[in-house]
Structures are given as structure tokens and as C-alpha cells.
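Undergrad:
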Amino acid sequence: MTKSHVDAPVHGDEPAADVRTSDVEVPVDTVGGYLRASVVRIRGGETGVLPVVGGLVLVSVLFQSLNSHFLTSGNLVNLLVQAAVFSLLAMGEVFALLLGEIDLSIGFVAGLSAVVMSELARPTVGWPWWAAIGAALVVSAVIGLVQGTLITRIGLPSFVVTLAGLLFWQGVMLWILGSGGSILIQDNTINDLASGTLTEAAGWGVMLVVVLVFAVLTWRRDAHRRSSGLVAPPPALTIAKIGGALVGGVALVLLTNADRGILVPVYGMPWVLLLVFAVLAVWTYVLGRRRFGLYVYAIGGNAEAARRAGIHLPRVRTLAFMCVSLTAGVGGVVYASRLRSISTALDGGTLVLYSVAAAVIGGTSLFGGRGKALHGVLGGIVIAAIDNGMGLLGFSAAAKYVVTALVLLVAVTIDAVARRNRPDGT
1 MTKSHVDAPV HGDEPAADVR TSDVEVPVDT VGGYLRASVV RIRGGETGVL
51 PVVGGLVLVS VLFQSLNSHF LTSGNLVNLL VQAAVFSLLA MGEVFALLLG
101 EIDLSIGFVA GLSAVVMSEL ARPTVGWPWW AAIGAALVVS AVIGLVQGTL
151 ITRIGLPSFV VTLAGLLFWQ GVMLWILGSG GSILIQDNTI NDLASGTLTE
201 AAGWGVMLVV VLVFAVLTWR RDAHRRSSGL VAPPPALTIA KIGGALVGGV
251 ALVLLTNADR GILVPVYGMP WVLLLVFAVL AVWTYVLGRR RFGLYVYAIG
301 GNAEAARRAG IHLPRVRTLA FMCVSLTAGV GGVVYASRLR SISTALDGGT
351 LVLYSVAAAV IGGTSLFGGR GKALHGVLGG IVIAAIDNGM GLLGFSAAAK
401 YVVTALVLLV AVTIDAVARR NRPDGT
């Protein structure tokens, strides 16, 4: 019978990985034993996504009780689309936070990406949509390379470098926009990234494919861990997890396929949700299954120990900052697509604050070494839910900022308390 000492998660595995927070052995071969081991792990500070999911449920119940329109299909789909930019930027910021660093420039990196794409997609320039987007993402990645090199090779603080980047890239963006101050996007494909939808049948098809892939990968991973003598959910829980994914997928498709139009029928899964999911899947794989991701966690957990283990710190950290900027570039593309334009009105400072807030609210630690791409998505949804719900209630922007700040403070407090409860203090 497999037993667990319930330690802190091995990065890249599911939260129930083999870890030690107690000297009491807990059998995990049965459903009850595995759940008891999970409870021990949670009591040891490994709360995972429970706080943010609980907070999201609480926010939803509160706003629905105050305005019955909050949980309608139209508003929920609009909320998810609204959360897309926050979630993308937060997923990028997760890479910096995992290292115990921060990137303050991503708001205007996103803005510059949007400007580059919009400029190249002008009818007078004539670049196809895919080339314009590709060029914007290349520019974003190069920005991350430059800033990461300054931080890792010269040894400058990430706070200073990215703060300078915030100012510098804002200036470059304003210079490109010039006296006109804005660029109207006329390419239909680019505009459809945020406003386009799949057909009802396509939505079902995509959902079934995604759930099938998830089911195969999850079953194979858990079976491999069990056969290797590692802690893994019993088969019944693995099946339950797959069933939960199917139920969630069906609920999402039913939600998005419902007619949410006011004057004309509008239905179908928004393209942007698939884009966010694709980025989430890629970064989850990179952080959880690739050597680079494991190195990022190792450096964030203990940089000196990682160096002694032979990890090339400058290279890994530079690549991580490239991932931050690349993801910010994707967020900028979505931002411009949603507005069908880009202008000097872009508030990159607010975007970066929201991105950090979303990552932390979602469950990423400010102290480094703990976090997942999923945390950025969940945090982005919470930020959007607060903004959306308070907007329905007629609150001002000032009130939204105050409430978001309080939620962020609660999230950081939970992280700090959980960190103290862990036996290793990390």
C-alpha cells in the first residue's frame, strides 16, 4: 500500500504530489485515504486554487443577489471575454513572479504589440493578418530578451529595468502613433479574434476534442505515477476528474451557445476563449512538463541551490522574461482586437497593476517558486467579475479600484499565512 508523508508539491505535478508536511503516514491507495492526505496538505498551507475558487463563488453569489442580470448567459460570456486580456497578462506575469521577480513593463509591451500589429495590418501597408500578428509577437519576445539580459547578465534589479521599460515602451508607442493618436483596425480576421464566434456545432466539437485529450493525458499520467510507486489519485478519482472536465465543458458550450443578443441573435463560443485556453495549455505544459519549467520553479524556490545543482540561472531567467513579454504581446493583440483599434488612451500602468493583482489573487506567490498559469486565468476572471458586477450596480471607477485592492490584500495575506504554515517556510 502506498503511503504519503504529504509534502509540498513537486513542481509540475498536480497538487497531490508526494510531499512532506507531517510525520504521520497517510495511506493514499483508497479514495478516502487520498482525500485525507489532501486535507493534511491543505492544512500544511498547500491550498492550491481553493481560495480563489471560493472567492469567485462568493463574488458571484453576492452580485447575483444584488442584480439578477449578473449570472445571465449574455453577461457571463461578456465577463469571460472581458477577462481575456487580464488573464493573458497575468499568465505572463506568473513567469516573473515564479522567479521572485516582477515585470512592470508588460502593460506597454502589450500596447506596443498592438501598435505594431495595427500598423502593419493597415490597408496602405498590406501585411496579411497572420504576418502582422507574428511580427508583433516577435517584437514582444525581443523586448523580453533585452530586458531579461539587462537583469540577468548585468545584474540590474528587475523592478528598475522593467520600470524603465514601462516608460521607454510607452514613449515608443506614442511616437509610432504620432499626432493621429490612434489606428483603426480594418482587418476582419484580427477584429474577430475578440468578437468572432464559432458555430454551435464547432463549439461542441472543440469541447469534445479538448476533453478527450485531457482524459487521455490525465489517465496516462496518473497510471504512470501509480505504476512507479508515486502518490497519485486512485482510478475512481481520476475518472471523477475527467467527468468534472466533461461537465464543465458541456456547461461552457451550453452557456456560449445560448442566444445572448439584444437586437439581433448572438450565439457561439467566442474565439478569444479558445485563444486563452490555448495559451493556458501551452504554458501549463511548459511549466509542468518541460525541464525549463522545472528550472524556473527551482530558481524561484532557492536560487543558490539551483545554481549548485548546475542550472544555468541567467539563461533560464532571461527565457522566463521572454515568456512574460511574449504573453503580454498576445494580450495586446486581443486588447486591440476587442476595441477594433489602438490609441494613446491605452493605460498600460493600470494593465500592469491588474496583471500582477490577477496573478496573486489567482494563487501565485509573491515570494517566488509557487504558482501556475491557471492562477493567472482564475485571477483574471475574478478581476473581471469585480469590474463587471460593480459596473452593473452603478459603482464608480474609484470604488472598483478600492474593492480590487482589498481583494488583492486578502490574497497576499492568505499567501503569507500559508507560507508560514509550511514546514520549510517557502
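Each residue of the sequence shown is one higher than the one before, counting from 1 in UniProt numbering.
Ideal Cβ positions, reconstructed from N, Cα and C, are used throughout, including at glycine.
Computed from a prediction, not measured in an experiment: that's the story for all the values here.
Comparing C-alpha positions only, which one of 119, 76, 80 sits nearest to residue 341?
TA: Counted from its first residue, the sequence shown places residue 341 at position 341. The shortest Cα separation from residue 341 among 119, 76, 80 belongs to 119.
Undergrad: Give the straight-line distance between the Cα atoms of residue 208 and residue 276, rounded to the nearest whole angstrom.
TA: Indexing the sequence shown from 1 puts residue 208 at position 208. Indexing the sequence shown from 1 puts residue 276 at position 276. Roughly 17 Å separates the two Cα atoms.
Undergrad: Would you grab the beta carbon distance between residue 170 and residue 86 for me? Rounded to a whole angstrom, and I think it's under 8 Å.
TA: Working through the sequence shown from its first residue, we reach residue 170 at position 170. Working through the sequence shown from its first residue, we reach residue 86 at position 86. So it is not a contact: roughly 19 Å between Cβ atoms.
Undergrad: Measure the C-alpha to C-alpha separation of residue 190 and residue 198 and round it to an integer number of angstroms.
TA: Within the sequence shown, numbered from 1, the residue matching residue 190 stands at position 190. Within the sequence shown, numbered from 1, the residue matching residue 198 stands at position 198. In a straight line, the C-alpha of residue 190 is about 15 Å away from that of residue 198.
Undergrad: Should residue 272 and residue 334 be called a contact, given that it needs their Cβ atoms to be closer than 7 Å?
TA: Locating residue 272 in the sequence shown gives position 272, where the first residue counts as 1. Locating residue 334 in the sequence shown gives position 334, where the first residue counts as 1. Going by C-beta atoms, residue 272 is nearer than 7 Å to residue 334.
Undergrad: If you compare alpha carbons, which of 375, 284, 71, 317 is closest to residue 298?
TA: For the purposes of this step, residue 298 is taken as residue 298 along the sequence shown, with counting starting at 1. For the residues 375, 284, 71, 317, the minimum Cα distance to residue 298 belongs to 317.
Undergrad: From which residue to which residue does the beta strand (DSSP E) around residue 184 run?
TA: Taking the first residue of the sequence shown as position 1, residue 184 is located at position 184. Segment 182 to 184, the beta strand (DSSP E) holding residue 184.
Undergrad: Specify the secondary structure class of residue 123 as computed by DSSP and reduced to three states.
TA: Residue mapping note: residue 123 aligns to position 123 of the sequence shown, counting from 1. Here residue 123 sits in coil by DSSP.
Undergrad: Flag this pair as yes or no: are the beta carbons of residue 121 and residue 192 separated by less than 7 Å?
TA: Translated into the one-based positions of the sequence shown, residue 121 becomes position 121. Translated into the one-based positions of the sequence shown, residue 192 becomes position 192. For residue 121 and residue 192, no; Cβs fall outside 7 Å.
Undergrad: For residue 428, count neighbouring Cβ atoms within 10 angstroms of its own Cβ and tell me buried if that reaches 16, exposed if not.
TA: The first residue shown for the chain is 1 and the last is 426, placing residue 428 beyond what the model contains.
Undergrad: Taking residue 387 as the reference, give the member of 63, 51, 54, 36 with the closest Cα.
TA: Here the question's residue 387 lines up with position 387 in the sequence shown. It is 63.
Undergrad: Measuring only the C-alpha atoms, how far is residue 350 from residue 104?
TA: On the sequence shown, position 350 is the one that residue 350 refers to. On the sequence shown, position 104 is the one that residue 104 refers to. For residue 350 and residue 104, the distance between alpha carbons rounds to 10 Å.
Undergrad: For residue 244, which of 301, 214, 321 has the nearest alpha-carbon?
TA: Here residue 244 is taken as the residue at index 244 of the sequence shown, counted from 1. Nearest C-alpha to residue 244: 214.
Undergrad: With residue 98 and residue 356 assumed to form a contact (beta carbons below 8 Å), what rounded beta-carbon distance in angstroms separates them?
TA: Numbered from 1 along the sequence shown, position 98 holds the residue referred to as residue 98. Numbered from 1 along the sequence shown, position 356 holds the residue referred to as residue 356. The pair is not a contact, with the Cβ atoms about 13 Å apart (cut-off 8 Å).
Undergrad: If you reduce the DSSP assignment to three classes, tell me which class residue 234 lands in.
TA: Locating residue 234 in the sequence shown gives position 234, counting from the first residue. Here residue 234 sits in coil by DSSP.
Undergrad: Roughly how many angstroms separate the alpha carbons of residue 74 and residue 257, rounded to a whole number?
TA: Residue 74 sits at position 74 when you count from the first residue of the sequence shown. Residue 257 sits at position 257 when you count from the first residue of the sequence shown. Taking the straight line from one Cα to the other gives about 10 Å.
Undergrad: Using only the alpha-carbon positions, how far apart do residue 101 and residue 148 sit?
TA: The residue given as residue 101 occupies position 101 in the sequence shown. The residue given as residue 148 occupies position 148 in the sequence shown. For residue 101 and residue 148, the distance between alpha carbons rounds to 11 Å.
Undergrad: By how many angstroms is the C-alpha of residue 95 removed from the C-alpha of residue 300?
TA: As a working mapping, residue 300 is identified with position 300 in the sequence shown. As a working mapping, residue 95 is identified with position 95 in the sequence shown. Rounded to the nearest angstrom, the two C-alpha atoms are 10 Å apart.
Undergrad: Quick check on this structure: which residue in 139, 336, 227, 401 has the alpha carbon closest to the alpha carbon of residue 429?
TA: In the structure as shown, the chain starts at 1 and stops at 426, and residue 429 therefore has no counterpart that could be examined.
Undergrad: Tell me where the beta strand (DSSP E) around residue 325 begins and ends.
TA: Numbered from its first residue, the sequence shown carries residue 325 at position 325. Per DSSP, residue 325 belongs to no beta strand (DSSP E); it is in the alpha helix (DSSP H), 313 to 339.
Undergrad: Give me the Cα-Cα distance between residue 150 and residue 53, rounded to the nearest whole angstrom.
TA: In the sequence shown, the residue the question calls residue 150 occupies position 150. In the sequence shown, the residue the question calls residue 53 occupies position 53. For residue 150 and residue 53, the distance between alpha carbons rounds to 37 Å.
Undergrad: Counting only runs that start and end within the region 188 to 249, where is the alpha helix (DSSP H) found for 4 or more residues in a row?
TA: Listed in chain order, they are 188 to 195, 200 to 227.
Undergrad: Here's the rule I'm using: 16 or more other beta-carbon atoms within 10 Å means buried, otherwise exposed. How should residue 415 be labelled?
TA: Start at 1 with the first residue of the sequence shown, and residue 415 comes out as number 415. Residue 415 is buried by the Cβ-count criterion.
Undergrad: CB residue 330 to CB residue 88, shorter than 7 Å?
TA: Walking along the sequence shown from the start, residue 330 turns up at place 330. Walking along the sequence shown from the start, residue 88 turns up at place 88. It is a contact, given that the beta carbons lie within the stated cut-off.
Undergrad: Using only CA atoms, which one of 392, 406, 344, 370 lies nearest to residue 173?
TA: Taking the first residue of the sequence shown as 1, we reach residue 173 at position 173. Measuring from the Cα of residue 173, the nearest candidate turns out to be 344.
Undergrad: For residue 338, tell me which candidate among 123, 254, 79, 181 has the shortest Cα-Cα distance.
TA: Mapped onto the sequence shown, residue 338 falls at position 338. Nearest of 123, 254, 79, 181 to residue 338, Cα basis: 79.
Undergrad: Are the CB atoms of residue 382 and residue 50 nearer to each other than 7 Å?
TA: Your numbering for residue 382 matches position 382 in the sequence shown. Your numbering for residue 50 matches position 50 in the sequence shown. Contact flag unset, no.
Undergrad: Are residue 91 and residue 283 close, meaning C-beta to C-beta below 7 Å?
TA: For the purposes of this step, residue 91 is taken as the residue at position 91 of the sequence shown. For the purposes of this step, residue 283 is taken as the residue at position 283 of the sequence shown. Yes, the Cβ-Cβ distance between residue 91 and residue 283 is below 7 Å.
Undergrad: How would you call residue 364, buried or exposed, if buried means at least 16 neighbouring beta carbons within 10 angstroms?
TA: Against the sequence shown, residue 364 aligns to sequence position 364. Label assigned to residue 364: buried.
Undergrad: So the candidates are 370, 379, 374, 369; which of them puts its Cα closest to the Cα of residue 353?
TA: For this step, residue 353 is matched to residue 353 along the sequence shown. Comparing Cα-Cα distances from residue 353 to each of 370, 379, 374, 369, the minimum goes to 379.
Undergrad: Tell me the DSSP secondary structure of residue 51 in three-state form.
TA: Position 51 of the sequence shown, counted from the first residue, corresponds to residue 51. Three-state result, residue 51: helix.
Undergrad: Residue 145 to residue 359, Cα distance in whole Å?
TA: Here residue 145 corresponds to residue number 145 of the sequence shown, with the count starting at 1. Here residue 359 corresponds to residue number 359 of the sequence shown, with the count starting at 1. The straight-line gap from Cα to Cα measures roughly 22 Å.
Undergrad: Under the DSSP definition of a beta bridge, which residues are partnered with residue 342?
TA: What you label residue 342 is simply residue 342 of the sequence shown in a count that begins at 1. According to DSSP, residue 342 bridges with 183.
Undergrad: Helix, strand or coil for residue 8, going by three-state DSSP, please let me know.
TA: In the sequence shown, the residue the question calls residue 8 occupies position 8. Model confidence at residue 8 stands at a pLDDT of 38, short of 50, so the residue's coordinates are unreliable; what they give is reported in the following sentence. Residue state, collapsed to three classes: coil.
Undergrad: Roughly how many angstroms separate the alpha carbons of residue 81 and residue 400, rounded to a whole number?
TA: Counting from 1 along the sequence shown, the entry for residue 81 is found at position 81. Counting from 1 along the sequence shown, the entry for residue 400 is found at position 400. Residue 81 and residue 400: Cα-Cα distance of roughly 19 Å.
Undergrad: Report the partner residues of residue 270 according to the DSSP bridge assignment.
TA: Numbered from its first residue, the sequence shown carries residue 270 at position 270. According to DSSP, residue 270 bridges with 197.
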